[in-house]
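Asker:
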Amino acid sequence: MGSTIGTTLRVTIFGQSHSEAVGCVIEGLPSGFALDRRALQAFMERRAPGRNAWSTPRKEADEVHIVSGLNARGETCGAPLTALIYNTNTRSGDYDELSRVPRPGHADFTAQMKWHGAQDVPGGGHFSARLTAPLCVAGGIALQYLEPRGVHIAGHALQVGSERDVPFDALRHSMESSAHLQQQMQSLRDAQPTGFPTISEKAGRRMAALIEQVRQDEDSVGGIVECVATGLPAGIGGPRYDGIQGTIARVVFGIPAVKGLEFGAGFSVAALRGSQNNDPYEMRDGTPIPASNSAGGSLGGISSGAPLLFRMAVKPTPSIARSQQSVDLMLGEGSILRIRGRHDPCVAPRAVPVAEAAMAIALLDSWLSWPPAPADWASSS
1 MGSTIGTTLR
11 VTIFGQSHSE
21 AVGCVIEGLP
31 SGFALDRRAL
41 QAFMERRAPG
51 RNAWSTPRKE
61 ADEVHIVSGL
71 NARGETCGAP
81 LTALIYNTNT
91 RSGDYDELSR
101 VPRPGHADFT
111 AQMKWHGAQD
121 VPGGGHFSAR
131 LTAPLCVAGG
141 IALQYLEPRG
151 VHIAGHALQV
161 GSERDVPFDA
171 LRHSMESSAH
181 LQQQMQSLRD
191 AQPTGFPTIS
201 EKAGRRMAAL
211 IEQVRQDEDS
221 VGGIVECVAT
231 GLPAGIGGPR
241 YDGIQGTIAR
251 VVFGIPAVKG
261 LEFGAGFSVA
271 ALRGSQNNDP
281 YEMRDGTPIP
291 ASNSAGGSLG
301 GISSGAPLLF
311 RMAVKPTPSI
321 ARSQQSVDLM
331 LGEGSILRIR
341 GRHDPCVAPR
351 AVPVAEAAMA
361 IALLDSWLSW
371 PPAPADWASS
381 S
């Protein structure tokens with residue numbers, strides 16, 4: 001079971017939804033980096049369940065316990081950093097039937113075909129979105145390393161069902177759009193941790209109302225999370241399979257419920273001509289930069305100096321209160337399943353910090369693996 005990502009910065013995720021704890025091991029962090037535990041905990045609270053009306057009623061404190069990797073001053077010491085988050089609010093009895101009757105849209109059936117009953121069933125086991133908590137620990141730490149060095153990351157719920165937010169102004173890459181993008185990112189930071197993660201408050205209210213409606217309908221709804229990184233210099237990453245987009249994609253597709261990923265102008269480029277899609281260059285303050293950003297901040301797998309932008313599509317939560325058609329694997333016959341338990345009617349809002357964490361992990365790994373020459377940015381730590 002592959003649970004490790006990264007080349008120089010290696011992150012291993014472990015635990016199950018209803019195990020005693022979930023956690024992560026982070027290898028390759030530069031030593032001497034002072035970790036702000038309060039800031040890390042504040043980041044975790046944005047993902048934590050049971051904090052608002054649009055998430056699962058399962059309440060977990062998501063308190064981070066770091067058991068190795070720091071010295072007495074709270075700095076990274078070169079040893080692998082290990083963090084634990086204890087599961088304190090599990091109800092495994094809600095899942096007794098699922099060892100026989102798999103939930104449509106979940107990994108219950110495929111896990112049964114692979115491990116023939118040895119898999120951990122309650123809460124989805126290792127497949128659960130609960131495992132995004134330790135991913136956010138690793139990402140929150142990576143964010144703290146990146147931000148003092150000028151790299152800032154923000155995400156928002158771009159779409160829930162048919163309701164859409166204002167997109168990030170990251171594709172024009174003019175002086176005006178860059179200033180506007182910074183304002184958008186700041187407004188999202190100001191709304192944390194309890195506000196709906198949208199740039200437009202009106203859009204957030206519409207999305208929250210839609211989520212409440214699907215909850216009352218005993219259903220769920222999907223969405224799109226948009227994430228951007230600014231301040232990343234040109235030259236980070238590598239060609240082909242070591243490209244910065246591929247590094248991001250590997251982390252993002254490890255997030256449960258993600259079904260699609262696009263960068264920059266994304267799938268809309270299929271309807272464009274080269275003259276429309278190409279990003280011309282200009283000199284700004286003595287530096288060559290792309291004047292637009294259809295590429296989304298990456299060319300040939302290497303950062304261009306423009307904002308790095310991706311959007312990930314998340315499917316509707318498979319666990320819904322409505323009765324669904326399934327099969328009884330023991331009896332070999334059809335069965336009607338009504339799922340118990342506590343589930344999000346839409347995962348998109350809580351997936352926003354997860355997208356930011358994925359971006360941060362991938363960017364820090366790319367930076368450490370493919371540092372730009374001749375500048376030695378990492379030496380400023």
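1 is the number of the first residue of the sequence shown in our numbering; add one for each residue after it.
Think of the CB as a built atom: it goes at the ideal place given N, C-alpha and C, for glycine as much as any other residue.
1) Leaving out the 5 sequence neighbours to the left and right, which residues in its chain are closer than 6 Å to A142 when beta-carbon positions are compared?
2) Tell me the start and end of each unbroken beta strand (DSSP E) in the segment 99-178 that is at least 3 residues and wholly inside, in chain order.
3) Check whether the Cβ atoms of V121 and D328 sit closer than 8 Å, and answer yes or no.
4) Would you decide whether F267 is buried or exposed? Buried here means 16 or more other CB atoms lie within 10 Å of its CB.
5) Could you tell me which whole beta strand (DSSP E) segments of length 3 or greater appear in the segment 347-371?
6) How far does the alpha helix (DSSP H) with K202 in it reach, from first residue to last?
7) Hey, quick one: how far does the beta strand (DSSP E) through G313 stretch, first residue to last?
8) Let me check understanding here. Comparing Cα to Cα, which of Q276, H116, F253 and V228 lies closest to T132?
9) What does the alpha-carbon distance come out to for the pair G69 and I153?
10) Measuring CB to CB, does G223 end up less than 8 Å from A157?
11) Helix, strand or coil for P80, going by three-state DSSP, please let me know.
12) Between P316 and S220, how many whole angstroms is the CB-CB distance? I'm expecting something under 8 Å.
13) So is the beta-carbon of A291 under 7 Å away from any non-hydrogen atom of the ligand PLP?
14) Buried or exposed: where does P353 fall if 16 or more other Cβ atoms within 10 Å of its Cβ makes it buried?
15) In the DSSP assignment, what residue or residues form a beta bridge with S68?
16) The alpha helix (DSSP H) that contains T230, what's its start and end?
17) DSSP state of D328, grouped into three classes?
18) Using a Cβ-Cβ cutoff of less than 7 Å, which residues in the same chain neighbour A170 once the five nearest sequence positions on both sides are dropped?
19) Write down every uninterrupted run of the alpha helix (DSSP H) in the segment 215-301 whose length is 4 residues or greater and which is fully enclosed by it, in chain order.
20) Under the three-state reduction of DSSP, which class applies to S21: helix, strand or coil?
21) Can you give me the start and stop residues for the beta strand (DSSP E) that F14 sits inside?
22) Where does G335 fall in DSSP's three states?
23) Leaving out the 5 sequence neighbours to the left and right, which residues in its chain are closer than 7 Å to F168 when beta-carbon positions are compared?
24) Could you check if T88 is buried or exposed, using at least 16 other CB atoms within 10 Å of its CB as the buried criterion?
25) Using only alpha-carbon positions, find the residue among G274, G264 and Q245 that is nearest to G300.
26) With respect to the alpha helix (DSSP H) encompassing L419, which residues constitute its N-terminal and C-terminal limits?
27) Sorted by chain position, which residues of the same chain lie with C-beta nearer than 7 Å to E147's C-beta, five sequence neighbours on each side aside?
28) Distance check for P345 and V214, CA to CA, integer angstroms please.
29) Could you tell me the distance, in whole angstroms, from the CA atom of S3 to the CA atom of G139?
30) From S99, A42 and G204, pick the residue whose C-alpha is nearest to that of L331; which is it?
31) Between the Cα of V151 and those of I5, G305 and L210, spot the shortest distance and give me the residue it belongs to.
32) DSSP state of S323, grouped into three classes?
33) Comparing C-alpha positions only, which one of G237, L84, C77 and G238 sits nearest to P134?
Answerer: From the atom records:
1) Position 142 of the sequence shown, counted from the start, is the residue given in the question as residue 142. Taking C-beta separations shorter than 6 Å and ignoring five residues to either side along the sequence, the partners of A142 in its chain run A360, I361 and L364, following chain order.
2) 152-160
3) The residue labelled residue 121 in the question sits at position 121 within the sequence shown. The residue labelled residue 328 in the question sits at position 328 within the sequence shown. No, these two residues do not count as a Cβ contact at 8 Å.
4) Position 267 of the sequence shown, counted from the start, is the residue given in the question as residue 267. It counts as exposed.
5) none
6) Counted from its first residue, the sequence shown places residue 202 at position 202. Element bounds for K202: E201 to Q216.
7) Against the sequence shown, residue 313 aligns to sequence position 313. The question names Gly, yet the displayed sequence has Ala at residue 313. It spans L308 to V314 - the beta strand (DSSP E) in which A313 sits, taken as one unbroken run.
8) Residue 132 sits at position 132 when you count from the first residue of the sequence shown. Of the candidates Q276, H116, F253 and V228, the one whose C-alpha sits nearest the C-alpha of T132 is F253.
9) In the sequence shown, the residue the question calls residue 69 occupies position 69. In the sequence shown, the residue the question calls residue 153 occupies position 153. Approximately 25 Å, taken between the alpha carbons.
10) Within the sequence shown, numbered from 1, the residue matching residue 223 stands at position 223. Within the sequence shown, numbered from 1, the residue matching residue 157 stands at position 157. In this structure, A157 lies closer than 8 Å to G223 by Cβ.
11) Walking along the sequence shown from the start, residue 80 turns up at place 80. Note: P80 maps to coil in three-state DSSP.
12) Numbered from 1 along the sequence shown, position 316 holds the residue referred to as residue 316. Numbered from 1 along the sequence shown, position 220 holds the residue referred to as residue 220. Yes, they are in contact, since the Cβ atoms of P316 and S220 sit about 4 Å apart, within 8 Å.
13) Only the bare structure without any ligand can be found here, which leaves the ligand PLP out of the picture.
14) Here residue 353 is taken as the residue at index 353 of the sequence shown, counted from 1. So P353 counts as buried.
15) Counted from its first residue, the sequence shown places residue 68 at position 68. Answer is T82, bridged to S68.
16) To locate residue 230, count along the sequence shown from 1; it is residue 230. Careful: T230 lies outside any alpha helix (DSSP H), inside the beta strand (DSSP E) at G223 to T230.
17) For this step, residue 328 is matched to residue 328 along the sequence shown. The answer is strand: DSSP assigns D328 an E or B state.
18) Position 170 of the sequence shown, counting from 1, holds the residue named residue 170. Within the same chain, A170 has close Cβ partners L181, V228, N293, P307 and L309.
19) 244-252 and 274-277
20) Taking the sequence shown and counting its residues from 1, the one referred to as residue 21 is at position 21. The question names Ser, but residue 21 is Ala in the sequence shown. A21: strand per DSSP, three-state reduction.
21) Residue numbering aside, residue 14 sits at position 14 when the sequence shown is read from its first letter. Unbroken beta strand (DSSP E) run through F14: R10 to G15.
22) Taking the first residue of the sequence shown as 1, we reach residue 335 at position 335. In the sequence on display, residue 335 carries Ser and not Gly. Here S335 sits in strand by DSSP.
23) The residue given as residue 168 occupies position 168 in the sequence shown. These residues qualify, in order along the chain: L181, Q184, E226, V228 and L309.
24) The residue you call residue 88 lines up with position 88 of the sequence shown. By the neighbour-count criterion, in which a residue is buried when 16 or more other Cβ atoms sit within 10 angstroms of its Cβ, T88 is exposed.
25) Looking up residue 300 in the sequence shown gives position 300. Closest by alpha carbon: Q245.
26) Look at the range of the chain in this structure, 1 to 381, and you will see that residue 419 is not part of it.
27) Residue numbering aside, residue 147 sits at position 147 when the sequence shown is read from its first letter. So no residue of the chain qualifies.
28) The sequence position of residue 214 within the sequence shown is 214, counting from 1. The sequence position of residue 345 within the sequence shown is 345, counting from 1. Between V214 and P345, the C-alpha separation is close to 7 Å.
29) The count along the sequence shown starts at 1 and reaches residue 3 at position 3. The count along the sequence shown starts at 1 and reaches residue 139 at position 139. Rounded to whole angstroms, S3 to G139 spans 15 Å at the Cα level.
30) In the sequence shown, the residue the question calls residue 331 occupies position 331. It is S99.
31) By 1-based counting over the sequence shown, the position of residue 151 is 151. Ranking the options by Cα distance to V151, first place goes to G305.
32) To locate residue 323, count along the sequence shown from 1; it is residue 323. It is coil, neither helix nor strand.
33) Working through the sequence shown from its first residue, we reach residue 134 at position 134. Of the candidates G237, L84, C77 and G238, L84 places its Cα closest to the Cα of P134.
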